[in-house]
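Novice: The sequence shown begins at 8 in the numbering used here and counts up one residue at a time.
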Amino acid sequence: MYYERKTRDRNAFQFLWLPLLAIGTFIGITATLGVFVALYVLGAIFFVVSFLPLITFWRTRNAGFLAAGLYLFLSAMLCVSAPSAIRNKPEIGLVPLILVGVYVSGIVTAYLFFNRKLKWRGQETFEMAGMQVEETGDNFTARPRPAGQVPVSKTEMIRFVDFITSNLIAFPFTEENRVVFVLTLPGNDLRYILGYNDLARLLGFKKDYLQDTWVAIDFEGHISVNITQEDYLLFKQDLAFDQLCQALGNVFAEFLELSKSGQEQLIIDRMNALRLSPFA
Numbered sequence: 008m009y010y011e012r013k014t015r016d017r018n019a020f021q022f023l024w025l026p027l028l029a030i031g032t033f034i035g036i037t038a039t040l041g042v043f044v045a046l047y048v049l050g051a052i053f054f055v056v057s058f059l060p061l062i063t064f065w066r067t068r069n070a071g072f073l074a075a076g077l078y079l080f081l082s083a084m085l086c087v088s089a090p091s092a093i094r095n096k097p098e099i100g101l102v103p104l105i106l107v108g109v110y111v112s113g114i115v116t117a118y119l120f121f122n123r124k125l126k127w128r129g130q131e132t133f134e135m136a137g138m139q140v141e142e143t144g145d146n147f148t149a150r151p152r153p154a155g156q157v158p159v160s161k162t163e164m165i166r167f168v169d170f171i172t173s174n175l176i177a178f179p180f181t182e183e184n185r186v187v188f189v190l191t192l193p194g195n196d197l198r199y200i201l202g203y204n205d206l207a208r209l210l211g212f213k214k215d216y217l218q219d220t221w222v223a224i225d226f227e228g229h230i231s232v233n234i235t236q237e238d239y240l241l242f243k244q245d246l247a248f249d250q251l252c253q254a255l256g257n258v259f260a261e262f263l264e265l266s267k268s269g270q271e272q273l274i275i276d277r278m279n280a281l282r283l284s285p286f287a
């Protein structure tokens, strides 16, 4: 099914610069200090980075990040074990087993990535909202907008929060009388380039959403929407801002209704049908 895209994709190079930097570092250290030192340094980098998927799993309960964390950890172990195995080939120890683990976990991680299981899905949510808006007009205002109401119980809200979080659609802030869902949208900062739209939030350093795009649903079902100017510019056209806020509220209301009826998979199917790039 063809539809006209409403949002811009970010530059795919943003995904490549970090691996290229690691390769360049490895080559540079090899040329100056030798391949063994380079392997130890690369192993240390892999080990540190392996904590990021584990933290993401802890905060989102998306089990796919366990595979990514295992891949990075085993890669670190392989780099650290390789020098001794190269020096003394008869005593390679667990290197072959680690190599098999790297291969298997890498295949699983790649499968999950290209099937959008590790993809932050805020842009697809924006696309679904933008599809409802045809009018244009430069009428952006930096304040939250009311966007309707949907009945919900606390039990239903808890289930909905778990679904939204584990499927990387938004990051929730639970307050006394409402839940605020912060959308994970493309950006140009280091956190998103690393594959984490808000690394500071995942690490627990950022505890507010004042400068973010969000949808709030209180425990009486009232919906309010805030879209930042930076995220509004993600759209290719200047869509009518009031209608866009209402549309984004409608999308979350529909998500909530589907969650209440146990049809969460339909939400994911609709997002996948948009066929946005896994890199988007």
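Note that the Cβ used here is the ideal one computed from N, Cα and C, for glycine as well.
Give the DSSP bridge partners of P179, in chain order.
Specialist: Paired residue(s): F188.
Novice: In chain order, what residues of the same chain lie with their CB nearer than 8 Å to the CB of I230, ignoring the 5 residues before and after it?
Specialist: Same-chain partners within the cutoff: P153, A154, G155, Q156, V157, V222, A223, I224, G256, F259, A260.
Novice: Thinking A247 and E163 are a contact (beta carbons under 8 Å), I'd like their distance in whole angstroms, please.
Specialist: 31 Å between Cβ atoms; not a contact.
Novice: Spell out a yes or no on whether the segment 84-97 and the segment 118-128 are touching, meaning 3 or more CB-CB pairs, one atom from each, closer than 8 Å.
Specialist: No, they do not touch.
Novice: I need the boundaries of the alpha helix (DSSP H) containing G41, first residue and last residue.
Specialist: Taken as a continuous stretch (DSSP letters only), G41 belongs to no alpha helix (DSSP H), as it is neither H nor E.
Novice: Is G50 near C86, with beta carbons less than 7 Å apart?
Specialist: Against a cut-off of 7 Å, the Cβ pair of C86 and G50 comes out as a contact.
Novice: Measure the C-alpha to C-alpha separation of F180 and A29 and round it to an integer number of angstroms.
Specialist: Rounded to the nearest angstrom, the two C-alpha atoms are 35 Å apart.
Novice: Could you give the distance in angstroms between the alpha-carbon of R166 and the alpha-carbon of E183?
Specialist: Taking the straight line joining both Cα atoms gives about 17 Å.
Novice: Three-state secondary structure (DSSP) at Q218?
Specialist: Q218 falls in the coil class under three-state DSSP.
Novice: Quick check: what's the CA-CA separation for I234 versus V55?
Specialist: Going by the C-alpha atoms only, they are around 34 Å apart.
Novice: Given that a residue counts as buried once 16 or more other Cβ atoms are within 10 Å of its Cβ, and exposed if not, what is S91?
Specialist: S91 should be labelled exposed.
Novice: What does the alpha-carbon distance come out to for the pair F58 and R68?
Specialist: The straight-line gap from Cα to Cα measures roughly 15 Å.
Novice: In the structure shown, what three-state DSSP assignment does F242 receive?
Specialist: In the structure shown, F242 sits in a strand (DSSP, three-state: E or B).
Novice: Who are the near neighbours of D196 in its chain, counting only those whose CB is closer than 8 Å to its CB and skipping five residues on each side?
Specialist: Because D196 carries a pLDDT of 44, less than 50, the predicted location of this residue cannot be relied on, and the following value inherits that uncertainty. Hits under 8 Å: none found.
Novice: Which class does S284 belong to by DSSP, given the choice of helix, strand or coil?
Specialist: Coil.
Novice: Skipping 5 residues on each side, what residues in its chain have a beta carbon closer than 7 Å to that of Q250?
Specialist: Taken in chain order, the residues that qualify are V140, E142.
Novice: Looking at C-alpha atoms only, which residue of T148, K267, E237 is the closest neighbour of L190?
Specialist: Of the listed residues, the one whose Cα sits closest to L190 is E237.
Novice: Using the three-state DSSP reduction, which class does R198 fall into: helix, strand or coil?
Specialist: Model confidence at R198 stands at a pLDDT of 44, short of 50, so the residue's coordinates are unreliable and nothing is read from them.
Novice: I'd like to know whether the C-beta of T162 is nearer than 7 Å to at least one C-beta of chain C.
Specialist: Although the question refers to chain C, the structure presented lacks it and comprises just one protein chain.
Novice: Starting from G137 and walking both ways along the alpha helix (DSSP H), at which residues does that stretch end?
Specialist: G137 -> alpha helix (DSSP H) spans 129-137.
Novice: Excluding the five sequence neighbours on either side, which residues of its own chain have a C-beta within less than 6 Å of the C-beta of A280, listed in chain order?
Specialist: Nothing listed; no residue qualifies.
Novice: Count the other C-beta atoms from every protein chain shown that fall within 10 angstroms of the C-beta of F262, then say buried if there are 16 or more, exposed otherwise.
Specialist: Classification for F262: buried.
Novice: If we ignore side chains and look at the alpha-carbon of each, how far apart do I275 and D245 end up?
Specialist: So the two alpha carbons sit approximately 27 Å from each other.
Novice: Under three-state DSSP, which class holds A247?
Specialist: Coil, per DSSP.
Novice: For E227, which residues in the same chain have their Cβ closer than 6 Å to its Cβ, ignoring the five residues on either side in sequence?
Specialist: Result list for E227: empty, nothing under 6 Å.
Novice: Which term fits Q218, buried or exposed, when burial requires 16 or more other beta carbons within 10 angstroms of its beta carbon?
Specialist: Answer is exposed; the Cβ neighbour count stays below 16.
Novice: Just reading off the alpha helix (DSSP H) that R12 is part of, what are its end residues?
Specialist: Run containing R12: none; DSSP gives neither H nor E here.
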